[in-house]
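A.B. asks: One structure coming up, written as structure tokens, with questions to follow.
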Ligand SMILES: CC(C)(COP(=O)(O)OP(=O)(O)OC[C@H]1O[C@@H](n2cnc3c(N)ncnc32)[C@H](O)[C@@H]1OP(=O)(O)O)[C@@H](O)C(=O)NCCC(=O)NCCS
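In UniProt numbering, the protein residues as written are 1 to 209.
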């Protein structure tokens, strides 16, 4: 019931936002830029159409119930970018969680199809999620995990202002290390959330994954 109520609210908010795109304190959730890219909320049907984007070996693919949970609980954090012809260019999926000063936005997945890369699309999707965490949910920071070998993504996150907060040993399938990267939001005035840890941690030491 709560889920449906939140979804209902989200749908109303989305319609209102469409009517006033770019104004008010809610960030635009549908954006059509000069290059004909449309960014909008991800919906159930997109799950049947995004396989080509997920073919990338650095893009995690989860089971359907995982995606459905995100859609139901954190619809503000799930956006897709489309080219004319409804071709999916990329998407971002995330959530907000934590207690007290650990209240934070989390990027669970961000991916852009190879043919649409280096056009600042991931940057737009990241900015959208960060704005929602910052302005709507008043979170202290945004974080994410990235494979230690994924240099392009690490470079992108650094360009967007993320720092390596800690290394998580064998985070990926018990093999590759993950980097927990963070960006402080306006509520974290002293930027305490991004003070890097001196030592690596193991996955069982993580408060949230
Ligand atoms: C990482 C990824 C999402 C970047 O998407 P993108 O739309 O090409 O990124 P953007 O165009 O928004 O890049 C923004 C900035 O990040 C940096 N960047 C992006 N890709 C980069 C690369 N391959 N090498 C170096 N820097 C890169 C650049 O500084 C870029 O700004 P610039 O083009 O003005 O120099 C995309 O390469 C991808 O989908 N990779 C596979 C999935 C993945 O690794 N996801 C992250 C998992 S944690």
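Even glycine gets a Cβ: it sits at the ideal position worked out from N, Cα and C.
1. Determine contact between the segment 93 to 105 and the segment 114 to 125, defined as no fewer than three beta-carbon pairs at a distance below 8 Å.
2. Helix, strand or coil: how does DSSP classify residue 121 here?
3. Rounded to whole angstroms, what's the CA-CA distance from residue 119 to residue 153? Just pull it up for me.
4. Is the CB of residue 135 under 8 Å away from at least one CB in chain B?
5. Based on Cα-Cα distance, which residue from 92, 37, 59, 52 lies nearest to residue 71?
6. Taking 7 Å as the cut-off, does the CB of residue 110 come closer than this to any heavy atom belonging to ligand 1?
7. To the nearest whole angstrom, what separates the beta carbons of residue 82 and residue 38, a pair I think is in contact under 8 Å?
8. Give the DSSP-derived three-state secondary structure of residue 49 in the structure shown.
9. Please name the residue, chosen from 80, 132, 117, that lies closest to residue 95 on a Cα-to-Cα basis.
10. Among residues of its own chain, excluding the 5 on either side of residue 59, which ones have a beta-carbon nearer than 6 Å to its beta-carbon?
11. Name the DSSP bridge partner or partners of residue 93?
12. Do you know offhand how far residue 279's Cα is from residue 51's?
13. Which runs of the alpha helix (DSSP H) spanning at least 4 residues fall entirely within the segment 140 to 208, listed in chain order?
14. In whole angstroms, what is the alpha-carbon distance linking residue 171 and residue 88?
15. Specify the secondary structure class of residue 38 as computed by DSSP and reduced to three states.
16. According to the neighbour-count rule (16 or more other Cβ atoms, all chains shown, within 10 Å of its Cβ), is residue 175 buried or exposed?
17. Among 189, 186, 157, 192, which residue has its Cα nearest to the Cα of residue 180?
18. Using the rule of at least 16 other Cβ atoms within 10 Å of the residue's Cβ for burial, across every protein chain shown, is residue 90 buried or exposed?
19. Would you decide whether residue 159 is buried or exposed? Buried here means 16 or more other CB atoms lie within 10 Å of its CB.
20. Here's a check: name, in chain order, each residue in its chain whose Cβ is nearer than 8 Å to the Cβ of residue 163, leaving out the five neighbours to either side.
21. Comparing the CB of residue 148 with every heavy atom of ligand 1, is any distance shorter than 7 Å?
22. Report buried or exposed for residue 67, applying the criterion of at least 16 other Cβ atoms within 10 angstroms of its Cβ.
C.D. replies: The answer reads as follows:
1. Flag = no, the segment 93 to 105 and the segment 114 to 125 do not touch.
2. Here residue 121 refers to the residue found at position 121 of the chain shown. It is helical.
3. Counting from 1 along the chain shown, the entry for residue 119 is found at position 119. Counting from 1 along the chain shown, the entry for residue 153 is found at position 153. Cα-Cα distance, rounded: 14 Å.
4. Annotation note: the requested chain B is absent from the structure, which comprises a single protein chain.
5. Working through the chain shown from its first residue, we reach residue 71 at position 71. The shortest Cα separation from residue 71 among 92, 37, 59, 52 belongs to 92.
6. Taking the chain shown and counting its residues from 1, the one referred to as residue 110 is at position 110. Checking the 7 Å criterion, the Cβ of residue 110 is within range of a heavy atom belonging to ligand 1.
7. Your numbering for residue 82 matches position 82 in the chain shown. Your numbering for residue 38 matches position 38 in the chain shown. The beta carbons of residue 82 and residue 38 sit about 5 Å from each other, so the pair counts as a contact at 8 Å.
8. One-based indexing of the chain shown puts residue 49 at position 49. Of the three classes helix, strand and coil, the one that applies to residue 49 here is coil, per DSSP.
9. By one-based count along the chain shown, residue 95 stands at place 95. Comparing Cα-Cα distances from residue 95 to each of 80, 132, 117, the minimum goes to 132.
10. Position 59 of the chain shown, counted from the first residue, corresponds to residue 59. In the same chain as residue 59, and ignoring 5 residues on each side of it, the C-beta atoms closer than 6 Å to its own belong to 111, in chain order.
11. Residue numbering aside, residue 93 sits at position 93 when the chain shown is read from its first letter. Under the DSSP definition of a beta bridge, residue 93 partners with 78, 109.
12. Since the first residue shown for the chain is 1 and the last is 209, residue 279 is missing from the structure and cannot be characterised.
13. Complete alpha helix (DSSP H) runs here, min 4: 151 to 159.
14. On the chain shown, position 171 is the one that residue 171 refers to. On the chain shown, position 88 is the one that residue 88 refers to. Straight-line Cα distance between these residues: approximately 29 Å.
15. Counting from one through the chain shown, the residue named residue 38 turns up at place 38. If DSSP states are grouped into helix, strand and coil, residue 38 belongs with the strands.
16. Looking up residue 175 in the chain shown gives position 175. Counting Cβ neighbours within 10 Å, residue 175 comes out exposed, since fewer than 16 surround it.
17. Translated into the one-based positions of the chain shown, residue 180 becomes position 180. Answer by Cα proximity: 157.
18. Numbered from its first residue, the chain shown carries residue 90 at position 90. Classification for residue 90: buried.
19. In the chain shown, residue 159 corresponds to position 159, counting from 1. With fewer than 16 other Cβ atoms within 10 Å, it is exposed.
20. Counting from 1 along the chain shown, the entry for residue 163 is found at position 163. So the qualifying residues of the chain are 181, 182, 183, 194, 196.
21. Here residue 148 is taken as the residue at index 148 of the chain shown, counted from 1. Flag unset: Cβ of residue 148 not near ligand 1.
22. To locate residue 67, count along the chain shown from 1; it is residue 67. Buried, by the Cβ-count rule.
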